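Anchor point for the sequence shown: position 138 equals 143 in the numbering used here, and the numbering is continuous, going up by one each time.
Glycine included, every Cβ here is placed at the ideal spot set by N, Cα and C.
Just so it is clear, the structure is predicted and the values come from calculations on it, not from any experiment.
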Amino acid sequence: MHPQHHTLFIDYCAFFNGNQDFFECHEVLEEYWKEIAPGDKEHPLVGYVQLATGLYHWRRDNFTGAARILEKALHNFQHNMGHIFFDEIDYEILLTQLTDSLSAIQKGKSFQAFQLPLSPILEELTFARIQILPPSDSNYLLHKHMLRDRSHILAERQESKQRKSRRQ
6 MHPQHHTLFI DYCAFFNGNQ DFFECHEVLE EYWKEIAPGD KEHPLVGYVQ LATGLYHWRR
66 DNFTGAARIL EKALHNFQHN MGHIFFDEID YEILLTQLTD SLSAIQKGKS FQAFQLPLSP
126 ILEELTFARI QILPPSDSNY LLHKHMLRDR SHILAERQES KQRKSRRQ
């Protein structure tokens with residue numbers, strides 16, 4: 006199986022191109038990254054996470070944060086040109102979309118979403134996933150980091166602290 010046909014990468018593409026849930030893009034792709042390249046901050050999946058994160062910030066009118074993280078995504082993508090994680094995405098179009106977004110941010114323009122330029126195969130897989138996405142609310146997507154249930158994250162942090170204290 007091609008790594009871009011993995012369920013989590015397809016989910017990323019569906020959230021990105023479907024309901025533009027960039028927060029969820031970050032969540033699912035971070036999980037995939039931890040699965041296949043934990044700690045490798047130069048891996049292309051990190052660039053894709055940064056892309057979604059930057060767009061999330063831009064949508065929230067955080068121009069400084071958006072520009073900073075999208076610059077990192079651009080650097081990551083340029084560093085990884087030719088990597089297998091660009092096989093199913095039109096690399097040149099993606100870079101153009103990213104640089105156009107950075108230019109718009111630097112000019113103070115309002116958020117402008119774009120679609121990932123997917124290969125026909127990845128587009129078909131993604132479309133099937135988009136069909137089963139739950140309906141989205143634009144206000145919820147805008148403020149998702151504040152509105153979501155964080156109980157599992159807080160429990161994991163507490164568990165990690167307890168493990169560290171037992172080791173000391």
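Requested in this report: Using 10 angstroms around the beta-carbon of residue 29, count the other beta-carbons present and answer buried if the total reaches 16, otherwise exposed.
Outcome: buried
**Report entry** Own chain, CB closer than 7 Å to residue 48, minus 5 neighbours either side, in chain order
**Finding:** 38, 42
Query raised in the report: Just reading off the alpha helix (DSSP H) that residue 39 is part of, what are its end residues?
Result: 27-41
Report task. Decide yes or no for the touch test of the stretch 66-76 against the stretch 91-100: beta carbon pairs closer than 8 Å, at least 3 of them. Result -> no
**Report entry** Cβ-based neighbour list, residue 117, same chain, cut-off 8 Å, excluding 5 preceding and 5 following
**Finding:** 106, 109
Query raised in the report: How is the alpha helix (DSSP H) around residue 81 delimited, first residue to last?
Result: 68-84
Query raised in the report: So residue 51 packs on residue 22, CB below 8 Å; how close in whole Å?
Result: Actually they do not touch by this definition, with Cβ atoms about 20 Å apart.
Query raised in the report: Start and end of the alpha helix (DSSP H) containing residue 91?
Result: Here residue 91 belongs to no alpha helix (DSSP H), and DSSP marks it neither H nor E.
Query raised in the report: Under the DSSP definition of a beta bridge, which residues are partnered with residue 123?
Result: 94
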